[in-house]
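Residue 0 is where the sequence shown starts when you use numbering that gives the first Met the number 0, and the numbers rise one by one after that.
This report concerns only the one structure given below.
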Amino acid sequence: MDTAVLSLQGLYDKLRMQVDLLNENIEPNFIQMAQNFDECRRKWLRSQQELGSCKEVLTKAETERGALEVKLKHARNQVDVEIRRRQKAEADCEKLDRQIQLIRDLLTSEGSSNSIQLSAEQRSALAFLNTNCQAGANLNTSRRLTRIDESASILSDISYDKTDDSLVSTSLVRGNETLVTRTTVTVPPGGGPVEAVSTIETVPYWTRSRRKTGKIFPPSNPEGDAKMPPPSTPQKQGAVRLHEFVSKTVIKPESCVPCGKRIKFGKISLKCRDCRVVSHPECRERCPLPCIPNMGCTPVKIGEGVLADYVHDSSPMIPPLVVHCISEIEQRGLHETGLYRLSGADRTVKELKEKFLRGKTVPVLSKVDDIHAITGLLKDFLRNLKEPLLTFQLNRTFMNAAEVLDDDNSIALMYQTVSDLPPANRDTLAFLMLHLQRVAQSLDTRMDVSNLARVFGPTIVGHAVPDPDPMTILQDTKRQAKVVERLLSLPADYWRQFVAAEHEQPNLDHLIIENANCYATPERSTMSMLGPLTTPEHQLNKTPSSSSLSQRMKSSLTPRFGSKSKSAVGFSLQGKFFASPLLK
Numbered sequence: 000m001d002t003a004v005l006s007l008q009g010l011y012d013k014l015r016m017q018v019d020l021l022n023e024n025i026e027p028n029f030i031q032m033a034q035n036f037d038e039c040r041r042k043w044l045r046s047q048q049e050l051g052s053c054k055e056v057l058t059k060a061e062t063e064r065g066a067l068e069v070k071l072k073h074a075r076n077q078v079d080v081e082i083r084r085r086q087k088a089e090a091d092c093e094k095l096d097r098q099i100q101l102i103r104d105l106l107t108s109e110g111s112s113n114s115i116q117l118s119a120e121q122r123s124a125l126a127f128l129n130t131n132c133q134a135g136a137n138l139n140t141s142r143r144l145t146r147i148d149e150s151a152s153i154l155s156d157i158s159y160d161k162t163d164d165s166l167v168s169t170s171l172v173r174g175n176e177t178l179v180t181r182t183t184v185t186v187p188p189g190g191g192p193v194e195a196v197s198t199i200e201t202v203p204y205w206t207r208s209r210r211k212t213g214k215i216f217p218p219s220n221p222e223g224d225a226k227m228p229p230p231s232t233p234q235k236q237g238a239v240r241l242h243e244f245v246s247k248t249v250i251k252p253e254s255c256v257p258c259g260k261r262i263k264f265g266k267i268s269l270k271c272r273d274c275r276v277v278s279h280p281e282c283r284e285r286c287p288l289p290c291i292p293n294m295g296c297t298p299v300k301i302g303e304g305v306l307a308d309y310v311h312d313s314s315p316m317i318p319p320l321v322v323h324c325i326s327e328i329e330q331r332g333l334h335e336t337g338l339y340r341l342s343g344a345d346r347t348v349k350e351l352k353e354k355f356l357r358g359k360t361v362p363v364l365s366k367v368d369d370i371h372a373i374t375g376l377l378k379d380f381l382r383n384l385k386e387p388l389l390t391f392q393l394n395r396t397f398m399n400a401a402e403v404l405d406d407d408n409s410i411a412l413m414y415q416t417v418s419d420l421p422p423a424n425r426d427t428l429a430f431l432m433l434h435l436q437r438v439a440q441s442l443d444t445r446m447d448v449s450n451l452a453r454v455f456g457p458t459i460v461g462h463a464v465p466d467p468d469p470m471t472i473l474q475d476t477k478r479q480a481k482v483v484e485r486l487l488s489l490p491a492d493y494w495r496q497f498v499a500a501e502h503e504q505p506n507l508d509h510l511i512i513e514n515a516n517c518y519a520t521p522e523r524s525t526m527s528m529l530g531p532l533t534t535p536e537h538q539l540n541k542t543p544s545s546s547s548l549s550q551r552m553k554s555s556l557t558p559r560f561g562s563k564s565k566s567a568v569g570f571s572l573q574g575k576f577f578a579s580p581l582l583k
């Protein structure tokens, strides 16, 4: 009975606890929970709205991007069309300029029997054709008293073609003949009348054995003098082969070799007759020396010719590629660490070599940013010759001479072996040794004689056979470096004698002025009151002759286009432009 009462009491207590729990005030908690749910709902709504706005903006941006891509495509097409139109317009303008200049020369030329006679009013109306004068009033007054025009100045711009083979001078100087003016003054002892006789002789250009040579002194550079030792290459000092420049008006823009800048249309440029180096008039002193005549297209495939295939038949016999590479390296690379040890890009080296050996003009190496590409070009050219620079025949002789323990005997054998080299190999070796000696003297390069010998040993010494076996290559490696070290130990004066051009003939030295394009009368001769004369350059086959001044004046006033087509024009290849008319 007691047990049943206790169980009922427990149930009653539980029931009272549940009732008390239900009677408590819990409505605020439920209200707070509902408010929290509502706040979350609002945040979700705002996120949905923002997402919709972003989707609209994205759609709009994609639409605009598509429209801009279409516009860009059309703009590119229009630019291409405009470029083609501009090129065509420039070509037409070029052609019209030549025609206008031809008409100007026909209308305004003086002293020619075939020139058209115009009245003063007609000349005034056509004054705009004369681009060389600033005022039309003094057109006919001063020109004939200063110098006589030559037909080359008229035909040079007209006969210009894009093959870049025409080297007709545009200046008023002679390039194919040397004009010698002599004035003899006779004073009678008895006080009679004084007689003056002027004679003019033309000496053909090809009668001179060598072009003018002269000493080239380095420009003053206080900073460079303090850092660098005295130069040893012939580009800086010694008698070297100089350039023979002719001036021309630029029609197709070209690059100046020394400074690398473009020569704009209508400007005056200088171009060497032989090596075809192009430069500004103010950059002529910075052109690489010596002048090496351009061989044009090499008759062999690249990398398959001997050194003699790349040189001219006059001394010094050095390939133009070697001269220009060394000149550029000495201008920019003597402070470059690891010169000749580091390699440039193979693609750049290949392109430069192709331009040098196949191009019509000299590539502008100053535009090549990587100096190691130029050093790589020089090494690649020497390494890929069909025969090494020291030749197969003399390879063992050089190695044996370098291994002689007695220095005096070794040097004597080296002198003898160098003298046995072919002229082209000897001159190129001398030019290269002078350059490498200068590189070794530069502390910034960190390339001493031993380092240079290891680099250039396989390149210029090579082996005694075209295809050596591996054992021969291994044995010759150390011997090659010894040969280069011994060659670099020879004095610079010894090498310089091979790269210096021979002097002129004694009887013609006094006729040639600094730039080899001007002419002067001999010393102790009285200058004519009319001043120096230049005559038209249109008779290349003329033999030396002399006549009186009056007769010479009559012969010089010949038609401008009379005989030019048989001489200077004949030297240039036929281009795209019209042929110059011939007045009969």
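Each residue gets a CB set at the ideal place from its N, CA and C atoms; glycine is no exception.
Minimum C-alpha distance to residue i - residue among the options
i	options	result
residue 430	121, 288 and 82	288
residue 315	424, 404, 279 and 278	424
residue 590	341, 319 and 69	Outside the shown range of the chain (0 to 583) lies residue 590, about which nothing can therefore be said.
residue 286	305, 313 and 327	327
residue 342	357, 378 and 495	378
residue 321	18, 31 and 498	498
residue 422	84, 247, 8 and 494	494
residue 325	428, 389 and 50	428
residue 346	340, 360, 332 and 369	369
residue 284	305, 317 and 241	241
residue 464	392, 353, 438 and 490	392
residue 435	488, 408 and 99	488
residue 259	367, 21 and 38	367
residue 306	405, 102, 450 and 381	381
residue 418	389, 439, 406 and 250	389
residue 349	10, 383, 340 and 42	383
DSSP three-state assignment for residue i, whether helix, strand or coil
i	result
residue 16	helix
residue 584	Absent from the model: residue 584. The displayed extent of the chain is 0 to 583, so no value can be given.
residue 1	helix
residue 343	coil
residue 463	coil
residue 365	helix
residue 359	coil
residue 445	coil
residue 24	coil
residue 73	helix
residue 337	coil
residue 316	coil
residue 490	coil
residue 332	coil
residue 81	helix
residue 547	Any answer about residue 547 is weak, because its pLDDT of 40 lies below 50 and its placement is not dependable; what the coordinates show is given next. Residue 547 falls in the strand class under three-state DSSP.
residue 456	helix
residue 243	coil
residue 310	coil
residue 304	coil
residue 290	coil
residue 11	helix
residue 88	helix
residue 468	coil
residue 147	Only weak support exists for where residue 147 lies, its pLDDT of 39 falling under 50; the coordinates are left without a value.
Cross-strand partners of residue i (DSSP beta bridge)
i	result
residue 267	248
residue 327	Its beta-bridge partners do not exist; DSSP assigns none.
residue 253	262
residue 278	269
Below 8 angstroms, how does it come out for the stretch 369-377 and the stretch 256-268: are there three or more Cβ pairs, yes or no? no
Is there contact here, the stretch 389-397 with the stretch 409-424, by at least three beta-carbon pairs under 8 angstroms? Contact holds: three or more Cβ-Cβ distances are below 8 angstroms.
Please determine if the stretch 456-464 and the stretch 481-499 are in contact, where contact requires at least 3 C-beta pairs separated by less than 8 angstroms. yes
Runs of alpha helix (DSSP H) wholly within the stretch 367-439 (minimum 4 residues, chain order): Note on the stretch 367-439: whole alpha helix (DSSP H) runs with a minimum of 4 residues are 370-382, 394-401 and 406-418, in chain order.
Examine the Cβ distances between the stretch 251-263 and the stretch 276-287 and report whether three or more of them are shorter than 8 angstroms. yes
Cβ contact check for the stretch 437-445 and the stretch 327-341: 3 or more pairs under 8 angstroms: yes
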